[in-house]
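In this text, residue positions in the sequence shown follow the numbering used here: the first is 1, and each later residue adds one.
From the three backbone atoms N, C-alpha and C, an ideal C-beta is built for every residue, glycine too.
The structure presented is a predicted model; accordingly, all values stated were derived computationally and were not measured.
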Amino acid sequence: MKYTAPRGTRDILPADSWKWQHVERVFRDTAERFGYKEIRFPVFEETELFARGIGDSTDIVRKEMYTFPDRKGRSLTLRPEGTASVVRSFIEHNMGRGAQVTKLRYFCPMFRYERPQAGRYRQFWQWGLEALGSLSPAIDAEIILFSVRFFEGLGIKGTEARINSAGCPSCTPAYNDLLKKELASKLERFCDDCRERYERNPRRMFDCKNENCQTLLSDAPSILDALCDECRDHFAHVEKHLRAVSVPYVIDSGLARGLDYYTKLGAQSALCGGGRYDELTSELGGKPTPACGVSAGVERLISALEEEGAFQDAAPGPDIYLVAGSDGAAGSNVTLAARLRETFSVEMDYQGRSFNKQMQEAGRMNARFVLVNQGEGEPLKLREVATGWEASPGEEELEAAIRDRERESR
Ligand code: HAM
Numbered sequence: 001m002k003y004t005a006p007r008g009t010r011d012i013l014p015a016d017s018w019k020w021q022h023v024e025r026v027f028r029d030t031a032e033r034f035g036y037k038e039i040r041f042p043v044f045e046e047t048e049l050f051a052r053g054i055g056d057s058t059d060i061v062r063k064e065m066y067t068f069p070d071r072k073g074r075s076l077t078l079r080p081e082g083t084a085s086v087v088r089s090f091i092e093h094n095m096g097r098g099a100q101v102t103k104l105r106y107f108c109p110m111f112r113y114e115r116p117q118a119g120r121y122r123q124f125w126q127w128g129l130e131a132l133g134s135l136s137p138a139i140d141a142e143i144i145l146f147s148v149r150f151f152e153g154l155g156i157k158g159t160e161a162r163i164n165s166a167g168c169p170s171c172t173p174a175y176n177d178l179l180k181k182e183l184a185s186k187l188e189r190f191c192d193d194c195r196e197r198y199e200r201n202p203r204r205m206f207d208c209k210n211e212n213c214q215t216l217l218s219d220a221p222s223i224l225d226a227l228c229d230e231c232r233d234h235f236a237h238v239e240k241h242l243r244a245v246s247v248p249y250v251i252d253s254g255l256a257r258g259l260d261y262y263t264k265l266g267a268q269s270a271l272c273g274g275g276r277y278d279e280l281t282s283e284l285g286g287k288p289t290p291a292c293g294v295s296a297g298v299e300r301l302i303s304a305l306e307e308e309g310a311f312q313d314a315a316p317g318p319d320i321y322l323v324a325g326s327d328g329a330a331g332s333n334v335t336l337a338a339r340l341r342e343t344f345s346v347e348m349d350y351q352g353r354s355f356n357k358q359m360q361e362a363g364r365m366n367a368r369f370v371l372v373n374q375g376e377g378e379p380l381k382l383r384e385v386a387t388g389w390e391a392s393p394g395e396e397e398l399e400a401a402i403r404d405r406e407r408e409s410r
């Protein structure tokens, strides 16, 4: 019996996990600057939360959830996304009390039973932001600007936002009727799924991945022509804010999102997706609270960064690789390493290998410095691997020598 990671999941090994740490660090720093605080919510929730929150007619709820009964027969589901959990937590902890807006972020794995393919997994990671409590278009624009700044922080330039409106309960019923009327004559040419979507929620047809369906939809009426005054005004203000902060965007009236909770503004690009969900909090039993958010898959982001050559440097190695230059030094390296590790990251040999093998290992690990301990009474030898720069500081002078060197080469 040979065990492997379950289909659609994967291990992130040290050769790659440093890239993940980098992305998470940039996400955290950018989110802090925009005022989004971290929330950590459970990996599973009551199934009903997702069925109500994401919507019974969505692909996620119908086909993609990992749902199981617990030992008492309660139906639980591994979270397929974060927004429903965030809203549940917001209501449960009465987070809106006294707050103007509640701004939250998360960076964690989600689970969807999808057919695995490039960039699509059954356990995947999402970064996300949610802002609850404000109807202001400034929040929509802020979330889009955050995404642009986050990608810039990672070295991805030239991003463009695609935006559309999802309308609100006062303008969508008339639009749904119009859409159904216009599509009725070609309905039999759509795929089976779209014919079903036509009955349940015709706007969901825009989300179909089938090219033929997309062609059939190309001259469908645009929701932007059917918006109520409030939604039209909201959309115009988001555009105004985006222009004011110089975020390039295009309006894409064919843009639809695969979740039921969206209202007003929806935005998406290959790298992230999100929008407003002004009705979700009341739908889940809370006080009506307008809200807006974004999230995206981290795997896709990391592949995009790899394609852009953002990780050309090798994985960062230890500050120091400690080499035993004599048999006696191997023993004293244990205590020397312990002292050095109060300040530096330090690697060393544990197998009594030869001097040359240890030097090779220092290179393989991409250590910044090699420190040769030649034994009792002998001076230490410090060498910068990349340049060959050398010094022989006493142990007390080591830290200062390394710091000076770092300053000089900056
Ligand atoms: P979503 O469009 O379902 O929206 O997912 C957001 C992103 O998660 C996708 O654009 C994609 O990057 C990533 N993703 C989804 N499924 C997979 C998968 N199987 N493998 C890898 N990546 C995947 C949401 O989840 C909403 N919660 C977004 C949101 C936040 N709306 C408001 N706030």
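Contact test: residue i Cβ vs ligand 1 heavy atom, cutoff 8 Å
{"i": "MET95", "result": "no"}
{"i": "TYR434", "result": "With the chain covering only 1 through 410, there is no way to say anything about residue 434."}
{"i": "ARG33", "result": "no"}
{"i": "CYS108", "result": "no"}
{"i": "ARG120", "result": "yes"}
{"i": "THR281", "result": "no"}
{"i": "PHE296", "result": "Correcting the residue identity first, residue 296 is Ala in this sequence and not Phe. Yes - ligand 1 has a heavy atom lying nearer than 8 Å to the Cβ of ALA296."}
{"i": "ILE156", "result": "no"}
{"i": "GLY377", "result": "no"}
{"i": "THR159", "result": "no"}
{"i": "LEU271", "result": "yes"}
{"i": "GLU406", "result": "no"}
{"i": "GLU299", "result": "yes"}
{"i": "ARG364", "result": "no"}
{"i": "PHE124", "result": "yes"}
Rounded distance between the beta-carbons of residue j and residue i, thought under 8 Å
{"i": "GLU45", "j": "SER75", "result": "Not quite, the Cβ-Cβ distance comes to about 10 Å (not below 8 Å), so this is no contact."}
{"i": "VAL238", "j": "PRO169", "result": "Rounded, the Cβ-Cβ distance is 19 Å, inconsistent with contact."}
{"i": "GLY254", "j": "LEU217", "result": "7 Å"}
{"i": "TYR106", "j": "GLY128", "result": "5 Å"}
{"i": "CYS292", "j": "ASP140", "result": "5 Å"}
{"i": "LEU104", "j": "VAL23", "result": "LEU104 to VAL23, Cβ: 19 Å. No contact."}
{"i": "GLN374", "j": "GLY331", "result": "So it is not a contact: roughly 13 Å between Cβ atoms."}
{"i": "ILE223", "j": "TYR175", "result": "5 Å"}
{"i": "SER57", "j": "ASN210", "result": "No, SER57 and ASN210 are not in contact; Cβ-Cβ is about 17 Å, not under 8 Å."}
{"i": "GLU395", "j": "LEU382", "result": "The Cβ separation is near 11 Å, so there is no contact."}
Sequence-distant residues of its chain with Cβ nearer than 6 Å to residue i (five each side left out)
{"i": "ASP319", "result": "PHE344, SER345 and ARG368"}
{"i": "GLY286", "result": "ILE91"}
{"i": "THR281", "result": "VAL87 and THR289"}
{"i": "ASN164", "result": "ASP252, SER253, LEU255 and GLY266"}
{"i": "TYR261", "result": "TYR277 and LEU280"}
{"i": "ASN333", "result": "LEU322, ALA324, MET348 and ASN373"}
Cβ-Cβ distance between residue i and residue j below 9 Å
{"i": "VAL385", "j": "VAL370", "result": "yes"}
{"i": "ARG122", "j": "ARG7", "result": "yes"}
{"i": "VAL87", "j": "TYR277", "result": "yes"}
{"i": "GLU283", "j": "ARG52", "result": "yes"}
{"i": "ARG40", "j": "CYS108", "result": "yes"}
{"i": "LEU178", "j": "ALA244", "result": "no"}
{"i": "PHE151", "j": "PHE34", "result": "no"}
Same chain only: Cβ atoms within 8 Å of residue i, ignoring 5 sequence neighbours per side
{"i": "TYR198", "result": "LYS180, LEU183, LEU187, PHE190 and MET205"}
{"i": "ARG62", "result": "ASP56"}
Rounded separation between residue i and residue j - CA only
{"i": "GLU196", "j": "VAL298", "result": "32 Å"}
{"i": "GLU32", "j": "ILE144", "result": "15 Å"}
{"i": "THR83", "j": "GLU130", "result": "7 Å"}
{"i": "ALA161", "j": "ASN94", "result": "33 Å"}
{"i": "TRP428", "j": "LYS37", "result": "Look at the range of the chain in this structure, 1 to 410, and you will see that residue 428 is not part of it."}
{"i": "LEU340", "j": "TRP125", "result": "36 Å"}
{"i": "LEU322", "j": "GLU376", "result": "15 Å"}
{"i": "ARG405", "j": "THR335", "result": "24 Å"}
{"i": "PRO221", "j": "PHE235", "result": "18 Å"}
{"i": "GLN16", "j": "PHE311", "result": "As written in the sequence, residue 16 is Asp, which differs from the Gln given in the question. Straight-line Cα distance between these residues: approximately 10 Å."}
{"i": "PRO393", "j": "GLU378", "result": "11 Å"}
Own chain, CB closer than 7 Å to residue i, minus 5 neighbours either side, in chain order
{"i": "ALA256", "result": "ARG203, ARG204, PHE206 and ASP207"}
{"i": "GLU64", "result": "PRO80, ARG112, TYR113 and GLU114"}
{"i": "SER303", "result": "GLY119"}
{"i": "GLY328", "result": "GLY375 and GLU376"}
{"i": "ARG149", "result": "THR30"}
Residue i Cβ short of 8 Å to ligand 3 heavy atom set
{"i": "TYR262", "result": "No copy of ligand 3 appears in this structure; the ligands present are ligand 1."}
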